[in-house]
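*Asks:* In my numbering, the protein residues as written are 1 to 323.
Here a beta-carbon is modelled for each residue, glycine too, at the ideal position from N, C-alpha and C.
Fair warning: this is a prediction, and the values are worked out from it, not measured in the lab.
Have a look at the structure that comes next, please.
The following block contains the structure:
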């Protein structure tokens with residue numbers, strides 16, 4: 001027998017979601033080794049979102065089976081109303097599984113997705129929306145120019161070259177330092193980055209007075225949720241290495257994949273050391289580089305140790321997934 005009346009019956013209206021959902025995928029199974037600075041990186045990325053995103057939006061965070069320290073940090077921010085939607089997965093579902101959940105659960109008309117190791121600069125969302133809304137049949141817009149594989153830009157180029165209103169420019173349009181900053185964050189050597197810079201080119205479009213570079217990335221993008229709905233579910237038998245499914249599907253379906261001409265986002269990867277003025281908060285991470293550390297980070301030994309670490313990580317986490 002029911003006792004009394006449900007108070008919800010007397011509520012006149014409910015909260016409506018914002019037009020834009022900003023979604024962040026977080027993952028750190030522990031806070032040592034490769035993930036030693038993961039919480040600091042995550043914190044820097046979220047703080048940059050809160051600081052540089054003035055438009056009305058809801059923040060959704062999907063945590064992919066992180067350690068208790070990360071979960072505690074996220075819960076604290078949700079309790080402070082800095083996170084509107086928090087989804088906590090008991091175990092790692094891989095990026096495809098996380099996308100399946102995020103793309104379906106996001107309530108906004110527009111989804112601004114990012115991995116948790118991105119640092120945002122003022123204007124990132126405004127410029128992304130300008131491109132998203134100016135160009136037709138846009139699939140995704142990334143808030144930074146860099147050079148992406150040619151195989152994922154064929155339909156964008158075909159549209160541009162067959163549309164008289166589009167101006168197409170080719171050449172070294174990304175400044176060297178901007179190009180270097182992003183590619184070096186991916187763990188490449190400066191020699192390899194320089195060689196790629198000199199042997200490839202950028203493609204810039206201008207349509208209705210709005211410039212955009214050709215290309216985009218599954219790492220960070222802004223898209224209409226209705227478009228993303230057409231690409232789920234993602235079936236990935238590995239947690240990483242297959243994330244370009246989204247890039248490929250977007251191109252194959254004829255959607256435009258574009259980037260802002262300005263670098264309005266930076267890839268932090270797994271460390272804050274490349275960012276001037278940012279120091280990890282955890283005491284063990286704030287130690288000065290010792291002679292031993294400099295020796296360990298020397299080229300040959302560093303490659304050997306990273307190879308051993310990667311082998312151990314793959315063995316230990318086989319079947320468990322990673323971001």
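At which residues does the beta strand (DSSP E) containing residue 182 begin and terminate?
*Replies:* No beta strand (DSSP E) holds residue 182; the alpha helix (DSSP H) holding it covers 176 to 184.
*Asks:* Please report the straight-line C-alpha distance between residue 119 and residue 3, rounded to a whole angstrom.
*Replies:* When rounded, the distance between both Cα atoms is 51 Å.
*Asks:* Where do the N-terminal and C-terminal ends of the beta strand (DSSP E) with residue 65 fall, by residue?
*Replies:* Here residue 65 belongs to no beta strand (DSSP E), and DSSP marks it neither H nor E.
*Asks:* Spatial neighbours of residue 55 within its chain, please: CB distance less than 7 Å, with the 5 preceding and 5 following residues excluded, ordered by chain position.
*Replies:* Closer than 7 Å at the Cβ level, and outside the excluded window around residue 55, lie 20 and 125.
*Asks:* According to DSSP, is residue 79 part of a helix, a strand, or is it coil?
*Replies:* Correct three-state label for residue 79: helix.
*Asks:* Is there contact between the region 168 to 188 and the region 127 to 142, where contact requires at least three CB pairs shorter than 8 Å?
*Replies:* No, the region 168 to 188 does not touch the region 127 to 142.
*Asks:* In the DSSP assignment, what residue or residues form a beta bridge with residue 330?
*Replies:* This structure does not reach residue 330, given that the chain is present from 1 up to 323, and the question cannot be answered.
*Asks:* I'd like to check one pair, residue 29 with residue 89: are the Cβ atoms closer than 8 Å?
*Replies:* The answer is no: Cβ separation not under 8 Å.
*Asks:* Should residue 269 and residue 117 be called a contact, given that it needs their Cβ atoms to be closer than 8 Å?
*Replies:* Yes, Cβ-Cβ distance for residue 269 and residue 117 is below 8 Å.
*Asks:* Where in the region 181 to 210 do unbroken runs of the alpha helix (DSSP H), each at least 4 residues long, occur, reported from the N-terminal end onward?
*Replies:* Entirely contained in the region 181 to 210, the alpha helix (DSSP H) runs reaching 4 residues are, in chain order, 190 to 199.
*Asks:* So within the region 87 to 174, which uninterrupted beta strand (DSSP E) runs reach at least 3 residues, ignoring any that extend past its ends?
*Replies:* If we require 3 residues or more, the beta strand (DSSP E) runs fully inside the region 87 to 174 come out as 110 to 115, 118 to 120, 138 to 142 and 167 to 171.
*Asks:* Near residue 132, what residues of its chain come up, given a Cβ to Cβ distance below 7 Å and the 5 sequence neighbours on each side ignored?
*Replies:* Cβ within range, chain order: 138, 141 and 222.
*Asks:* Going by DSSP, name the residue or residues bridged to residue 213.
*Replies:* For residue 213, which the question treats as bridged, DSSP gives the partners 204 and 259.
*Asks:* Indicate whether residue 146 and residue 179 have their beta-carbon atoms separated by less than 8 Å.
*Replies:* Cβ atoms of residue 146 and residue 179: closer than 8 Å.
*Asks:* So, residue 25 versus residue 115, is the Cβ gap smaller than 8 Å?
*Replies:* Cβ distance < 8 Å, so residue 25 and residue 115 count as in contact.
*Asks:* Taking 7 Å as the line, does the beta carbon of residue 21 fall inside it for any heavy atom of the ligand GDP?
*Replies:* The ligand GDP is absent from the structure shown, which contains no ligands of any kind.
*Asks:* Per DSSP, what are the beta-bridge partners of residue 58 in this structure?
*Replies:* Note: residue 58 sits in a beta bridge opposite 21.
*Asks:* How far does the alpha helix (DSSP H) with residue 42 in it extend, from its first residue to its last?
*Replies:* It spans 38 to 52 - the alpha helix (DSSP H) in which residue 42 sits, taken as one unbroken run.
*Asks:* Counting only the same chain and skipping the five closest in sequence on each side, list residues whose C-beta sits under 6 Å from that of residue 282.
*Replies:* The predicted model places residue 282 with a pLDDT of 49, which falls under 50 and marks its position as unreliable; any figure quoted below should be read in that light. Nothing listed; no residue qualifies.
*Asks:* Would the beta-carbon of residue 265 fall within 8 Å of that of residue 121?
*Replies:* Yes, the Cβ-Cβ distance between residue 265 and residue 121 is below 8 Å.
*Asks:* Which first and last residues belong to the beta strand (DSSP E) in which residue 220 is found?
*Replies:* That run of the beta strand (DSSP E) goes 220 to 224.
*Asks:* Taking a contact to mean a Cβ-Cβ separation below 8 Å, would you say residue 153 touches residue 267 in this structure?
*Replies:* No.
*Asks:* For residue 208, count neighbouring Cβ atoms within 10 angstroms of its own Cβ and tell me buried if that reaches 16, exposed if not.
*Replies:* So residue 208 counts as exposed.
*Asks:* Can residue 324 and residue 233 be called in contact, C-beta distance under 8 Å?
*Replies:* The chain is shown from 1 up to 323; residue 324 falls before or after that span and cannot be answered.
*Asks:* Let me check understanding here. Comparing Cα to Cα, which of 161, 159, 244 and 198 lies closest to residue 177?
*Replies:* That would be 198, whose Cα lies nearest to the Cα of residue 177.
*Asks:* Thinking just about the alpha-carbon of each residue, which of 175, 41 and 257 is nearest to the one in residue 155?
*Replies:* Minimum Cα distance to residue 155 is reached at 257.
*Asks:* Kindly indicate which three-state DSSP category residue 236 falls into: helix, strand or coil?
*Replies:* Residue state, collapsed to three classes: coil.
*Asks:* Give every residue of the same chain whose Cβ lies closer than 8 Å to the Cβ of residue 60, excluding the five residues on either side of it in the sequence, and list them in chain order.
*Replies:* Closer than 8 Å at Cβ, skipping near neighbours: 21, 22, 23, 24, 83, 84, 85, 86, 87, 102, 105 and 106.
*Asks:* Can you say whether residue 94 is buried or exposed, counting buried as having 16 or more other CB atoms within 10 angstroms of its CB?
*Replies:* Classification for residue 94: buried.
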